[in-house]
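Q:
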Amino acid sequence: MAVRFAIPRTLRWLGCALLLAGVMLGGLHADWDFSAISRKATAIYGPLGAGQQRIDAWQNLLATQKQVSELDKLNVVNRFFNQQVRYVEDIDLWREVDYWETPIQALWKGAGDCEDYAIAKYFSLRHLGVSSDKLRITYVKALRQNRAHMVLTYYATPDAMPLVLDSLIDPIQPASQRTDLLPVYSFNAEGLYLPGAKGNKKVGDTKRLSRWQDVLKKMQAEGFPVETTN
Numbered sequence: 012m013a014v015r016f017a018i019p020r021t022l023r024w025l026g027c028a029l030l031l032a033g034v035m036l037g038g039l040h041a042d043w044d045f046s047a048i049s050r051k052a053t054a055i056y057g058p059l060g061a062g063q064q065r066i067d068a069w070q071n072l073l074a075t076q077k078q079v080s081e082l083d084k085l086n087v088v089n090r091f092f093n094q095q096v097r098y099v100e101d102i103d104l105w106r107e108v109d110y111w112e113t114p115i116q117a118l119w120k121g122a123g124d125c126e127d128y129a130i131a132k133y134f135s136l137r138h139l140g141v142s143s144d145k146l147r148i149t150y151v152k153a154l155r156q157n158r159a160h161m162v163l164t165y166y167a168t169p170d171a172m173p174l175v176l177d178s179l180i181d182p183i184q185p186a187s188q189r190t191d192l193l194p195v196y197s198f199n200a201e202g203l204y205l206p207g208a209k210g211n212k213k214v215g216d217t218k219r220l221s222r223w224q225d226v227l228k229k230m231q232a233e234g235f236p237v238e239t240t241n
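Mapping of the sequence shown onto my numbering: position 113 corresponds to residue 124, and the numbering continues sequentially without gaps.
Take a look at the structure:
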């Protein structure tokens with residue numbers, strides 16, 4: 012992942028950033044027309060090749076997992092993207108230092124880096140009905156790899172120990188067991204958070220994040236019912 016630990020700089024562009032659920036305005040729960048999405052994706056990216064099978068598998072997952080428990084949803088979605096997407100650095104895949112993929116791009120390429128896993132899992136779980144206040148996209152330092160990393164975290168209740176959905180490992184574990192991850196900050200529909208001794212501290216609302224806006228615009232072009240304005 013290309014994110015560096017220059018926290019003030021990162022918080023500047025993240026702090027003027029995104030309102031995840033707010034910009035969706037219901038689009039996450041609307042039915043997704045995968046026939047139209049595949050047609051538009053083909054028009055944009057060219058033949059999808061093996062990516063079409065991965066996209067079809069994603070459609071099937073979303074159609075068949077709506078009635079299962081939230082914990083089952085977490086496990087199914089986490090395993091799916093960990094298995095379908097292989098890790099490739101942005102510079103090698105997109106010739107850019109930091110590029111945020113849509114879920115369609117991740118499945119078309121069958122590749123991405125850590126934020127692409129987290130984004131795809133986030134959208135999948137939101138579409139399956141998991142509320143945004145239970146989900147946070149979380150930047151951490153992966154201590155064993157000594158590098159920046161991104162995961163998706165799930166809070167069963169506001170004060171619960173979060174569960175970590177990670178591209179590095181398939182098992183979903185409580186954050187208390189992931190001593191190899193040092194949290195830096197996180198964000199969701201409600202705002203931007205910093206870790207603290209008494210739990211995560213909200214440090215502001217999120218408004219405009221350029222890379223996130225790019226993801227929303229690309230998804231809209233792909234045929235997803237998303238709004239790009241608050």
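Beta carbons: idealized from backbone N, C-alpha and C, even for Gly. Everything numeric in this text was worked out from a predicted model, so none of it was measured.
Could you check the C-alpha separation between A186 and L174 for me, to the nearest Å?
A: Here residue 186 refers to the residue found at position 175 of the sequence shown. Here residue 174 refers to the residue found at position 163 of the sequence shown. If I take the Cα positions, the gap works out to 6 Å.
Q: Would you kindly check if the distance between the Cβ of V195 and the Cβ of V151 is under 7 Å?
A: What you label residue 151 is simply residue 140 of the sequence shown in a count that begins at 1. What you label residue 195 is simply residue 184 of the sequence shown in a count that begins at 1. The answer is yes: Cβ separation under 7 Å.
Q: Going by DSSP, name the residue or residues bridged to T164.
A: The sequence position of residue 164 within the sequence shown is 153, counting from 1. R147, V175, per the DSSP bridge assignment.
Q: Do you know offhand how far L193's Cα is from L179's?
A: Counting from one through the sequence shown, the residue named residue 193 turns up at place 182. Counting from one through the sequence shown, the residue named residue 179 turns up at place 168. Taking the straight line from one Cα to the other gives about 14 Å.
Q: Taking A122 as the reference, which of A153, N93, Q184, T53 has the closest Cα?
A: Within the sequence shown, the letter at position 111 stands for residue 122. Looking at the Cα atoms, N93 is the closest of the given residues.
Q: Please report how far the alpha carbon of I130 lies from the alpha carbon of G60, in whole angstroms.
A: In the sequence shown, counting from the first residue as 1, residue 130 sits at position 119. In the sequence shown, counting from the first residue as 1, residue 60 sits at position 49. About 23 Å.
Q: Suppose the cutoff is 8 Å on Cβ atoms and the five residues either side in sequence are ignored; what does the same chain contact list for F45 look like?
A: On the sequence shown, position 34 is the one that residue 45 refers to. These residues qualify, in order along the chain: I66, D67, Q70.
Q: Using 8 Å as the Cβ pair cut-off and three pairs as the minimum, do the segment 92 to 109 and the segment 137 to 153 touch?
A: No, because fewer than three Cβ pairs between the segment 92 to 109 and the segment 137 to 153 fall closer than 8 Å, the two stretches do not touch.
Q: Start and end of the alpha helix (DSSP H) containing N199?
A: What you label residue 199 is simply residue 188 of the sequence shown in a count that begins at 1. Element bounds for N199: not the alpha helix (DSSP H) but the beta strand (DSSP E), 192 to 199.
Q: Using the Cα positions of S143 and Y110, report the straight-line distance between them to the nearest angstrom.
A: For the purposes of this step, residue 143 is identified with residue 132 of the sequence shown, where counting begins at 1. For the purposes of this step, residue 110 is identified with residue 99 of the sequence shown, where counting begins at 1. In a straight line, the C-alpha of S143 is about 23 Å away from that of Y110.
Q: In the DSSP output, what is K152 paired with across the bridge?
A: By one-based count along the sequence shown, residue 152 stands at place 141. Beta-bridge pairing links K152 to A159, L193.
Q: So D124 packs on R155, CB below 8 Å; how close in whole Å?
A: For the purposes of this step, residue 124 is taken as residue 113 along the sequence shown, with counting starting at 1. For the purposes of this step, residue 155 is taken as residue 144 along the sequence shown, with counting starting at 1. Not really, about 17 Å apart at Cβ, beyond 8 Å.
Q: Starting from G62, trace the alpha helix (DSSP H) in both directions and tell me its first and last residue.
A: Mapped onto the sequence shown, residue 62 falls at position 51. It spans 62 to 75 - the alpha helix (DSSP H) in which G62 sits, taken as one unbroken run.
Q: With a threshold of 8 Å on Cβ separation, who are the neighbours of D83 within its own chain once the five nearest residues in sequence on each side are excluded?
A: Locating residue 83 in the sequence shown gives position 72, where the first residue counts as 1. These residues qualify, in order along the chain: Q76.
Q: Could you please give the first and the last residue of the uninterrupted beta strand (DSSP E) stretch that includes Y204?
A: Numbered from its first residue, the sequence shown carries residue 204 at position 193. Unbroken beta strand (DSSP E) run through Y204: 202 to 205.
Q: May I have the straight-line CA-CA distance separating M35 from F198, to the nearest angstrom?
A: Sequence index remark: in the sequence shown, residue 35 carries index 24 (1-based). Sequence index remark: in the sequence shown, residue 198 carries index 187 (1-based). Caution is warranted here: a pLDDT of 46 is assigned to M35, below 50, making its placement in the model unreliable, and the coordinate value is therefore given only provisionally. Answer to the nearest angstrom: the Cα atoms are 15 Å apart.
Q: Pull up the distance between the alpha-carbon of Q184 and that of A167, whole angstroms please.
A: One-based indexing of the sequence shown puts residue 184 at position 173. One-based indexing of the sequence shown puts residue 167 at position 156. Taking the straight line from one Cα to the other gives about 13 Å.
Q: Reducing DSSP to helix, strand and coil, say where I48 ends up.
A: Counting from one through the sequence shown, the residue named residue 48 turns up at place 37. Looking at I48 - three-state DSSP - the assignment turns out to be helix.
Q: In chain order, which alpha helix (DSSP H) runs of at least 4 residues are fully inside the segment 96 to 126?
A: Taking only runs of at least 4 residues, the alpha helix (DSSP H) segments lying wholly in the segment 96 to 126 are 101 to 104, 114 to 120.
Q: Would you mind sorting Q78 into buried or exposed? The rule is 16 or more other CB atoms within 10 Å of its CB.
A: Residue mapping note: residue 78 aligns to position 67 of the sequence shown, counting from 1. By the 10 Å Cβ count, Q78 comes out exposed.
Q: Go ahead and pull the three-state DSSP assignment for Q184.
A: Along the sequence shown, read from residue 1 onward, the residue named residue 184 stands at position 173. If DSSP states are grouped into helix, strand and coil, Q184 belongs with the strands.
Q: Suppose contacts are defined by Cβ-Cβ distances below 7 Å. Is V96 in contact with A74 by that definition?
A: To locate residue 96, count along the sequence shown from 1; it is residue 85. To locate residue 74, count along the sequence shown from 1; it is residue 63. Not a contact, by the Cβ cut-off of 7 Å.
Q: Spatial neighbours of E100 within its chain, please: C-beta separation below 7 Å, excluding the five flanking residues on both sides.
A: The sequence position of residue 100 within the sequence shown is 89, counting from 1. Closer than 7 Å at Cβ, skipping near neighbours: D124.
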